[in-house]
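According to the numbering used here, the residues represented by the sequence shown are 1 to 407, in order. Where a beta carbon is used, it is the ideal one built from N, C-alpha and C, also for glycine. Okay, so here's the structure we're looking at.
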Amino acid sequence: MSVRNAAKRFTSVMTAASLSLAMLMPAGQAFADAGFRQWVAGFRATAVAGGVSGSVYDQAFRSINEPDPVVLEKARTQPEFTAPAWDYFDNRVHDQSVAVGQQMAKKWKPWLDRIEAKFGVDRNILLAIWSMESNYGEILKRDDIMRNVVRSLATLAYGDPKRSKYARTQLVAALKILQTGDIDEGHLMGSWAGAMGQTQFIPTSYQHYAVDMDGNGKRDIWNSIPDALATSANLLKKNGWQAGKTWGYEVALPAGKLPAGSKTLAQWQALGVVRASGKPFKNLTDKATLKVPDGRGGPAFLMIRNFSVIKAYNNADKYALAVGLLADEIAGSSGLVQDWKRPFTKLSFEERQELQKRLSQHGLYDGKFDGKIGDGSKTAIMAYQAKVGLTQDGYPSMEVLKWLRQK
């Protein structure tokens with residue numbers, strides 16, 4: 001028998017054996033992860049001890065037999081670098097996010113009136129958070145992003161030592177959400193790390209802050225915009241939001257060194273710090289902290305109490321500042337007086353989409369034409385720059401777009 005024929009016969013025998021084995025196992029479990037299923041069986045007692053009924057647990061896991069490989073990949077590949085200020089803000093505060101926010105402000109005005117009256121939180125802040133968290137709900141429509149929350153958290157608890165403790169706690173909380181009946185297991189969807197709904201609450205935060213604003217008996221942050229926005233407002237209120245006040249001000253700085261620490265706006269004004277717009281500060285007794293996220297050459301800000309409250313949502317200065325800036329523009333502000341130190345000519349949102357489409361036509365980009373310049377877009381830009389002899393910086397610049405338009 002030739003080596004090729006022997007190999008074919010061996011393959012045939014093994015294939016038949018594999019098929020026979022698969023037929024003997026319960027449907028859907030032939031290729032399941034035995035270790036994962038053992039972990040799920042073992043965690044049941046923990047969940048029950050934490051207040052989850054056994055029937056709810058069994059129902060939630062009835063069709064989950066293996067970890068989610070996408071979740072494990074995401075957990076392994078989360079970026080550890082810090083993006084430049086302009087990169088972060090250009091992807092979040094742009095003409096499209098402002099325009100849609102203003103449309104949503106009109107569409108949901110009656111509910112925003114009620115939410116603002118009940119919680120005292122500026123509606124434009126809520127709209128900006130909605131934009132930041134789910135692109136006004138558009139992310140919830142994407143099957144490539146949305147995952148089964150129970151499976152995601154079980155995957156992290158089982159397969160990611162760094163996030164195991166977090167995931168175990170969140171998994172019990174997620175199962176309790178199912179137990180309340182606010183949502184069923186088929187619609188309990190979220191990000192790879194378990195953030196849920198229009199405004200992306202992790203399960204424990206949902207338990208603390210979720211609100212049934214529309215009065216239908218369910219706290220549904222997935223399908224009810226009033227519930228989702230009211231839940232965000234409740235979080236901000238309970239963390240100390242000061243009604244009727246802003247988050248902070250863009251300011252112009254005097255020459256020379258300024259002291260650190262918190263001071264009243266009156267004290268900052270006495271030091272020569274004024275609003276970049278030329279308008280007066282509203283409440284001179286408010287305490288504020290100076291921040292220059294892009295260095296002295298970029299925009300500067302005095303942050304008051306509500307800035308810190310936004311950080312209860314996401315404990316990052318850039319996040320809170322993006323929410324504040326986007327909220328201001330949704331409300332009608334013309335944007336920053338001093339722009340970020342961007343080393344190229346900025347593109348509009350539509351021009352960024354055009355950039356992606358033209359890179360795709362060159363066979364260099366295969367992602368979505370969403371105007372967001374992530375790693376895929378930057379890699380494609382650098383490949384094009386190398387192709388035509390430009391400096392390979394990966395910047396989404398007007399200079400690169402003009403080259404693409406010519407070729």
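Contact check, residue i vs residue j, beta carbons under 7 angstroms
i           : j           : result
residue 230 : residue 197 : no
residue 189 : residue 146 : yes
residue 232 : residue 199 : yes
residue 294 : residue 340 : yes
residue 353 : residue 332 : no
residue 320 : residue 311 : yes
residue 105 : residue 140 : no
residue 330 : residue 124 : yes
residue 57  : residue 47  : yes
residue 121 : residue 236 : yes
residue 155 : residue 214 : no
residue 175 : residue 52  : yes
residue 292 : residue 192 : no
residue 325 : residue 93  : yes
Expected contact under 8 angstroms - CB spacing of residue i and residue j to nearest Å
i           : j           : result
residue 343 : residue 384 : Not quite, the Cβ-Cβ distance comes to about 18 angstroms (not below 8 angstroms), so this is no contact.
residue 245 : residue 262 : Going by Cβ atoms, the distance from residue 245 to residue 262 rounds to 15 angstroms, so no, they are not a contact pair.
For residue i, three-class secondary structure by DSSP
i           : result
residue 66  : coil
residue 135 : coil
residue 124 : helix
residue 21  : Model confidence at residue 21 stands at a pLDDT of 31, short of 50, so the residue's coordinates are unreliable and nothing is read from them.
residue 201 : strand
residue 405 : helix
residue 309 : helix
residue 347 : coil
residue 319 : helix
residue 379 : helix
residue 113 : helix
residue 35  : helix
Straight-line Cα distance separating residue j from residue i
i           : j           : result
residue 240 : residue 136 : 25 angstroms
residue 257 : residue 296 : 10 angstroms
residue 248 : residue 338 : 15 angstroms
residue 406 : residue 381 : 15 angstroms
residue 210 : residue 219 : 6 angstroms
residue 185 : residue 118 : 31 angstroms
residue 65  : residue 33  : 7 angstroms
residue 35  : residue 376 : 34 angstroms
residue 63  : residue 144 : 20 angstroms
residue 393 : residue 177 : 46 angstroms
residue 336 : residue 346 : 14 angstroms
Counterpart residues of residue i in DSSP-defined beta bridges
i           : result
residue 302 : 249 and 290
residue 190 : 147 and 196
residue 262 : 289
residue 275 : 251
Check: residue i C-beta below 6 angstroms from any heavy atom of the ligand MN
i           : result
residue 100 : Here there are no bound small molecules, and the ligand MN is not part of this structure.
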